[in-house]
């Protein structure tokens, strides 16, 4: 670490390249956007151990269909959404980031039931928070071991490796027990 006395500090580190995935946004947040980041390949090193993963879980769609505004309005309290109303979703697709550490299967396609009765709160307007569109880099930063990125010409989507919810639960139990998947 070198302080030149001009208000800028230069720090040099040896970091594994896989440790830099997802570090840039965190670095820019910590330096309030004023930090400069540059990296150069130093050489091959032995395995340096596990790296920390994201502390949050995923909101995983439990069925196929179109995402509905009514469902997303209720889900936005649980975390940040990656899909907007009208987007096509399928079982096993990650539709948002859970505020808690565990994954949660959600119904992003649920429509509001229409009745003949008028509600006293019918005129209250509830706004949907704009969904977060992920770039390829952001999607790769978000991944855990049981997730993958789907890249098409139209979009970048996140999904679980095992799409079926019951198969995911069985695979997680086998992984905790230490048996091969």
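Numbering (our numbering), first residue to last: 2 to 182. Heads up, the beta-carbon is just placed ideally off N, CA and C, and yes, glycines get one too. From a predicted model like this one, the values you see are computed outputs, not experimental measurements.
- Separation of the CB atoms of residue 94 and residue 160 is rounded to 5 Å, and the pair is thereby assigned contact status at 8 Å.
- Between the beta-carbon of residue 89 and that of residue 67 there is about 6 Å, and that keeps the pair under the 8 Å contact cut.
- By the neighbour-count criterion, in which a residue is buried when 16 or more other Cβ atoms sit within 10 angstroms of its Cβ, residue 84 is buried.
- The residue from 167, 102, 109, 98 with its alpha-carbon nearest to that of residue 134 is 98.
- Residue state for residue 158 is assigned as strand, using DSSP reduced to three classes.
- The distance from the Cβ of residue 141 to that of residue 22 is about 6 Å, consistent with a contact at the 8 Å cut-off.
- With contact defined as three or more Cβ pairs closer than 8 Å, the region 34-42 and the region 57-64 are not in contact.
- Between residue 62 and residue 109 a beta carbon distance of about 5 Å is seen, short of the 8 Å cut, so the two are scored as contacting.
- Taking the CA atoms as reference points, residue 101 sits about 21 Å from residue 150.
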